[in-house]
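Here the protein sequences come in this chain order: S and E.
So the first sequence is numbered by the UniProt record's numbering: it starts at 1 and just counts up by one.
So the second sequence is numbered by the UniProt record's numbering: it starts at 1 and just counts up by one.
Note that the Cβ used here is the ideal one computed from N, Cα and C, for glycine as well.
All values reported here derive from a predicted model rather than from experimental measurement.
Each remark here refers to the structure printed beneath this line.
Number of protein chains: 2
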Amino acid sequence: MTPQPGSAGDVLTLISAGSATTRSDLARLTGLARSTISQRVDALIERGLVEETESGESTGGRPPRQLRLHTEDHAFAGVDLGATHCRVALMDISGDVLAECEDSLLIGEGPDTVLAHVDQRLDQLLGEAGRPRSALRAMGIGVPGPVEFATGRPNNPPIMPGWNDYPVPEFFEGVSVLVDNDVNVMALGEHRNAFAGTSHLLFVKVGTGIGCGIVAEGKLHRGAQGSAGDIGHIRVSGHEDAGCRCGNSACLEAVAGGAAIARRLTELGLPAESGGDVVALVQAGNTQALRLVREAGRLIGEVLASLVNFFNPEVIVVGGALSRVHEHLLAGIRETVYRRSLPLATHHLSITPSRTGINAAALGAGILAIEHYLSPDNINRIVNA
Amino acid sequence: MTPQPGSAGDVLTLISAGSATTRSDLARLTGLARSTISQRVDALIERGLVEETESGESTGGRPPRQLRLHTEDHAFAGVDLGATHCRVALMDISGDVLAECEDSLLIGEGPDTVLAHVDQRLDQLLGEAGRPRSALRAMGIGVPGPVEFATGRPNNPPIMPGWNDYPVPEFFEGVSVLVDNDVNVMALGEHRNAFAGTSHLLFVKVGTGIGCGIVAEGKLHRGAQGSAGDIGHIRVSGHEDAGCRCGNSACLEAVAGGAAIARRLTELGLPAESGGDVVALVQAGNTQALRLVREAGRLIGEVLASLVNFFNPEVIVVGGALSRVHEHLLAGIRETVYRRSLPLATHHLSITPSRTGINAAALGAGILAIEHYLSPDNINRIVNA
DNA sequence: TGAACTTCCGCCGAAGGTCGAACAAAGCCG
DNA sequence: CGGCTTTGTTCGACCTTCGGCGGAAGTTCA
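Structure follows, in structure tokens:
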């Protein structure tokens with residue numbers, strides 16, 4: 001039995017996380033002998049997973065050879081499917097984007113049409129990046145509805161007609177496919193990209209609807225049925241008259257979602273159809289719209305105040321279409337959360353707008369794929385094969 | 001860093017979890033050779049961690065020698081400190097209770113007095129069980145307030161005067177001491193004792209106050225500041241007049257806690273001081289009390305409905321003093337949760353009374369200690385020493 | 001009852017992995 | 001230019017693990 005763990009997968013994890021860039025670092029961190037580390041690194045280099053760069057800076061002796069992930073030869077894809085759009089990002093193994101694209105695409109056209117479109121875009125992006133199809137190792141897909149993560153099958157999604165129980169991964173041959181809810185992958189993208197130092201994060205997406213992705217101990221929390229984070233249908237007080245498409249009334253989404261704000265603006269004589277119209281009105285300085293957005297922030301804050309007490313996150317990130325006017329939204333959210341949550345939970349809590357922006361979902365989906373590929377178990381399997 | 005699979009610690013984990021009771025089981029589960037397993041088991045036996053029992057049942061050949069945790073020579077303690085009571089359970093390494101006791105004890109007397117009392121009870125219980133003090137390997141303590149788990153220091157607990165930032169573990173020499181919130185240890189006790197098959201569990205304690213312990217992926221979720229699960233101060237709609245000791249109004253605890261129900265009964269001319277009095281009235285068949293308890297269940301259910309959407313647990317366990325009249329409390333909770341939560345989240349959700357009862361906290365605290373001691377890292381350290 | 005069969009467990013030589021010492025490489029410093 | 005420091009590789013010693021073999025301990029069946 002080895003006194004310390006340190007399989008090839010562990011070594012690669014340290015390299016990919018940036019914890020170690022030289023063989024000496026690895027020896028120090030793992031406690032293994034330098035010769036053993038060299039052997040591991042050699043195996044990783046031989047498999048094309050790691051490469052050496054030019055020598056680094058000397059600290060008084062022979063300069064170490066820097067190690068990093070070998071970014072050629074592999075590719076990963078992150079796919080963000082929304083109700084009306086499709087974004088695909090091709091990434092290398094370090095998470096850098098090689099190429100990306102965006103189209104209008106109705107998810108309601110069904111899985112065969114949509115996935116064929118994705119497949120075509122993948123070929124195009126691979127071409128742009130100059131990599132063969134065989135380089136594609138894994139892909140992640142975020143979809144606007146609940147998914148049984150283990151099988152990659154949508155689970156009674158309300159706005160994805162034709163997708164229920166469709167085995168998405170089987171559509172793509174020879175590549176691992178991970179399918180998850182769009183808000184989950186956005187949370188993952190935001191966490192890995194801008195908040196990697198935190199352990200407990202909530203990502204709140206405020207668009208047409210309202211959803212939440214949960215990062216606990218650095219990992220996505222999906223819950224028992226994969227429906228965790230569905231905060232759009234939490235009840236808010238004082239709006240019993242607002243009916244929701246789910247059949248209940250006073251749902252958060254029915255009073256504070258982009259669609260709800262647009263409807264109320266229309267009632268006030270300001271024609272608005274979607275969250276985008278609301279954003280446009282706010283940016284044009286319309287005070288009615290501004291007031292409604294801020295009020296929506298307060299309502300969202302009321303729900304988040306409960307969740308802060310319950311979950312005790314370090315940071316809440318607000319994204320989605322309406323976060324383009326985040327100053328007003330966040331003002332309402334902060335006001336309510338800091339008033340209604342317990343001091344111990346809010347003392348070190350920060351509530352910030354998304355730093356990753358429109359690409360959070362595609363990036364997060366890609367990261368899901370990369371982390372799956374780089375998991376120690378999978379790497380050990382590859383190296384020992 | 002992933003631990004090396006098949007270490008002595010992993011072998012012991014399989015034995016303690018009941019996943020393997022023979023050397024053959026271990027070889028099958030770990031994939032290691034039978035001879036290697038024998039060597040591991042020998043080391044564990046030599047260290048007094050595992051013992052062989054008489055042969056088990058034959059499956060057609062030589063019957064295997066059964067293995068189990070060696071329950072002599074070690075002892076673990078679980079301590080449940082409440083506002084006005086102290087329970088101590090002495091357990092062997094398999095989690096069976098060897099001896100236990102209960103006293104009235106005011107936590108407000110301060111850490112020196114209370115912990116000295118605990119220390120004395122420990123000696124007494126060790127005497128009853130016929131084990132020397134040196135057999136005590138670790139202890140867990142549940143306290144009625146927030147704790148910084150890593151250091152074992154209470155963190156501004158409202159009902160524990162004199163305990164703020166007190167380094168509890170240092171009071172006990174030569175033994176590992178883990179300190180956690182009482183609701184957390186109750187959740188752990190309930191999960192390990194009665195719901196070990198589930199991954200995501202919420203334990204709701206309804207007593208004088210209201211709290212919640214969270215089990216996610218089989219582990220306690222404590223949050224960023226260790227204050228997760230503090231649902232007593234979540235706002236419920238329609239009770240703006242109810243002031244709470246936290247300074248806000250309409251807190252769940254202020255309208256549905258045992259103290260709140262007692263106060264309202266008193267207003268109705270039925271003198272009641274505590275949750276215990278409320279239970280007595282309900283058990284005596286008082287319809288006013290029954291109605292209030294059921295209404296409290298509805299209010300708790302309103303909050304839980306939100307948390308079910310957010311967290312998506314498999315099971316909600318209701319415990320605490322008021323759960324002695326759980327049929328009425330649960331009726332209100334179930335009614336609201338199943339009406340207000342999303343079908344996907346409630347479809348496989350069960351809401352049940354505590355199966356572990358009054359001892360959940362002390363048991364959970366002991367289990368916290370045992371699992372700490374049995375963690376693969378700790379066992380490998382012991383075996384390789 | 002006894003022989004054949006099955007399963008369990010310890011022993012031992014072979015194979016393979018890890019370690020640390022020794023050595024070579026590469027840059028810094030006086 | 002020769003010592004000093006740090007890095008990386010080579011190699012034999014050592015240790016662990018593996019798997020076959022044989023003995024142990026029951027079951028099944030004639």
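query = By Cβ distance, which residues of its chain are closer than 8 Å to S:Thr59, with the 5 residues on each side in sequence left out?
reply = Within the first sequence, the letter at position 59 stands for residue 59 of chain S. Around S:Thr59: no qualifying Cβ.
Starting from the N-terminal side, write out each stretch of the alpha helix (DSSP H) that is 4 residues or longer and does not extend beyond the stretch 299-363 of chain E. Counting whole runs of 4 or more residues, the stretch 299-363 of chain E contains the alpha helix (DSSP H) stretches 326-340 and 343-346.
Can you tell me whether DSSP reads E:Val11 as helix, strand or coil? The sequence position of residue 11 of chain E within the second sequence is 11, counting from 1. E:Val11: helix per DSSP, three-state reduction.
Check your understanding: Got a sec? Which residues, its chain only, sit under 6 Å from E:Val79 by beta carbon, not counting five neighbours each side?
Key -> What you label residue 79 of chain E is simply residue 79 of the second sequence in a count that begins at 1. Once the five neighbours on either side are set aside, the close Cβ partners of E:Val79 are Val88, Val118, Ile141 and Ala365.
- Message: I'd like to check one pair, E:Leu26 with E:Val50: are the Cβ atoms closer than 8 Å?
- Response: Reading the second sequence from its first residue, position 50 is the one you call residue 50 of chain E. Reading the second sequence from its first residue, position 26 is the one you call residue 26 of chain E. Note that the C-beta distance between E:Val50 and E:Leu26 is not below 8 Å.
(Q) Please list, in chain order, the chain E residues whose beta carbon lies closer than 8 Å to that of S:Gln225. (A) The sequence position of residue 225 of chain S within the first sequence is 225, counting from 1. Within chain E, the residues Asn312, Leu344, Ala345, His347 and His348 have their CB atoms less than 8 Å from the CB of S:Gln225, given in chain order.
(request) Let me know the secondary structure DSSP gives S:Asn156 once reduced to three states. (result) As a first step, residue 156 of chain S must be located in the first sequence, where it is residue number 156. Taken through DSSP and simplified to helix, strand or coil, S:Asn156 comes out as coil.
Original post:
Is E:Glu267 helix, strand or coil by DSSP?
Top reply: For the purposes of this step, residue 267 of chain E is taken as residue 267 along the second sequence, with counting starting at 1. The three-state reading of DSSP puts E:Glu267 in helix, counting H, G and I together.
Review point. For S:Gly357, which option in S:Ala345, S:Ile333 and S:Val318 has the closest C-alpha, if you only look at C-alpha atoms?
Key: Taking the first residue of the first sequence as 1, we reach residue 357 of chain S at position 357. When only C-alpha atoms are compared, the closest one is S:Val318.
Practice problem: Say whether chain E places a C-beta atom closer than 8 Å to the C-beta of S:His85. | Solution: Translated into positions along the first sequence, residue 85 of chain S becomes position 85. False, the Cβ-Cβ gap to chain E never drops below 8 Å.
**Report entry** Closer than 8 Å at the beta carbon, the chain S residues around E:Ile234
**Finding:** Residue 234 of chain E sits at position 234 when you count from the first residue of the second sequence. Near E:Ile234 (Cβ distances below 8 Å), the residues of chain S are Ala305, Ser306, Asn309 and Phe310.
Point to revise | Candidates S:Ile379, S:Arg355, S:Ser24 and S:Pro376: closest to S:Asn193 by CA position | key: Against the first sequence, residue 193 of chain S aligns to sequence position 193. Among S:Ile379, S:Arg355, S:Ser24 and S:Pro376, the Cα nearest to that of S:Asn193 is on S:Arg355.
Practice problem: In the DSSP assignment, find the beta strand (DSSP E) that holds E:Thr53 and state where it starts and stops. | Solution: Taking the second sequence and counting its residues from 1, one reaches residue 53 of chain E at position 53. Its beta strand (DSSP E) spans residues Val50 to Ser55.
**Report entry** Within chain S, the residues that E:Cys244 reaches when beta carbons sit closer than 9 Å
**Finding:** On the second sequence, residue 244 of chain E is found 244 positions in, with the first residue counted as 1. None at all; the shortest Cβ gap to chain S is about 11 Å.
Simplified DSSP state of E:Ala138, which is helix, strand or coil: Within the second sequence, residue 138 of chain E is the residue found at index 138, counting from 1. DSSP places E:Ala138 in strand when its eight states are reduced to three.
- [ ] Using a Cβ cut-off of 7 Å, pull out every chain S residue sitting near E:Arg340, in sequence order please.
- [x] As a working mapping, residue 340 of chain E is identified with position 340 in the second sequence. Neighbourhood of E:Arg340 in chain S, by CB distance below 7 Å: Arg235 and Asn248, in chain order.
Check your understanding: Just by C-beta distance, which residues in the stretch 133-161 of chain S are closer than 8 Å to chain E?
Key -> Going along the stretch 133-161 of chain S in chain order, one finds Pro146, Asn155 and Asn156 with a Cβ nearer than 8 Å to chain E.
*Where does E:Arg131 sit, in a helix, a strand or coil, going by DSSP?*
Against the second sequence, residue 131 of chain E aligns to sequence position 131. Correct three-state label for E:Arg131: coil.
Cut-off 6 Å between Cβ atoms - residues of its own chain near E:Leu374, not counting five sequence neighbours on either side: Walking along the second sequence from the start, residue 374 of chain E turns up at place 374. Only Ser16 meet the Cβ criterion.
* Asked: Is E:Gly213 buried or exposed, if buried means 16 or more other CB atoms sit within 10 Å of its CB?
  -> Stepping through the second sequence from its first residue, residue 213 of chain E is reached at position 213. By the neighbour-count rule (16 or more Cβ atoms within 10 Å), E:Gly213 is buried.
Go through its chain and collect everything with a Cβ distance to E:Ala20's Cβ below 6 Å, but skip five positions before and after it. Taking the first residue of the second sequence as position 1, residue 20 of chain E is located at position 20. If we look at E:Ala20 and ignore the five residues flanking it on each side, its Cβ neighbours are Leu14, Leu26 and Leu29.
- Item | Inter-residue Cα distance where the pair is S:Arg324 and E:Thr208 | Within the first sequence, numbered from 1, the residue matching residue 324 of chain S stands at position 324. Within the second sequence, numbered from 1, the residue matching residue 208 of chain E stands at position 208. Computed Cα separation, rounded: 45 Å.
Next item on the list: Would you kindly work out how many angstroms separate the C-alpha atoms of S:Asn164 and E:Val293, rounded to a whole number?
Entry: In the first sequence, the residue the question calls residue 164 of chain S occupies position 164. In the second sequence, the residue the question calls residue 293 of chain E occupies position 293. The C-alpha of S:Asn164 lies about 41 Å from the C-alpha of E:Val293.
### Message
Any beta carbon of chain S sitting closer than 8 Å to that of E:Ile37?
### Response
Here the question's residue 37 of chain E lines up with position 37 in the second sequence. With its beta carbon at least 8 Å from every one in chain S, E:Ile37 lies outside the interface.
Q. Among residues of its own chain, excluding the 5 on either side of E:Leu281, which ones have a beta-carbon nearer than 6 Å to its beta-carbon?
A. Here residue 281 of chain E is taken as the residue at index 281 of the second sequence, counted from 1. Once the five neighbours on either side are set aside, the close Cβ partners of E:Leu281 are Ala289.
Original post:
Which same chain residues, not among the five before or five after S:Pro111, have their C-beta less than 8 Å away from its C-beta?
Top reply: Mapped onto the first sequence, residue 111 of chain S falls at position 111. The answer, listed in chain order, is Gly162, Trp163, Tyr166, Val168 and Phe171.
Using a Cβ-Cβ cutoff of less than 7 Å, which residues in the same chain neighbour E:Asn384 once the five nearest sequence positions on both sides are dropped? Against the second sequence, residue 384 of chain E aligns to sequence position 384. Only residues of its own chain outside the window of five on either side were considered, and among them none has a CB closer than 7 Å to the CB of E:Asn384.
What's the C-alpha gap between S:Leu329 and S:Arg47?
Walking along the first sequence from the start, residue 329 of chain S turns up at place 329. Walking along the first sequence from the start, residue 47 of chain S turns up at place 47. Rounded to whole angstroms, S:Leu329 to S:Arg47 spans 49 Å at the Cα level.
For E:Phe203: DSSP bridge partner residues
Along the second sequence, one-based indexing puts residue 203 of chain E at 203. Under DSSP, E:Phe203 shares a beta bridge with E:Gly213 and E:Val317.
| Of all the options S:Leu44, S:Pro343, S:Ala256 and S:Glu314, which has the alpha carbon lying nearest to the alpha carbon of S:Gly238? | Residue numbering aside, residue 238 of chain S sits at position 238 when the first sequence is read from its first letter. Just measuring C-alpha positions, the residue of S:Leu44, S:Pro343, S:Ala256 and S:Glu314 sitting nearest S:Gly238 is S:Ala256.
Residue-level contact to chain E via CB, S:Glu100, 8 Å cutoff: As a position in the first sequence, residue 100 of chain S is number 100, starting the count at 1. By this cut-off, S:Glu100 is not an interface position.
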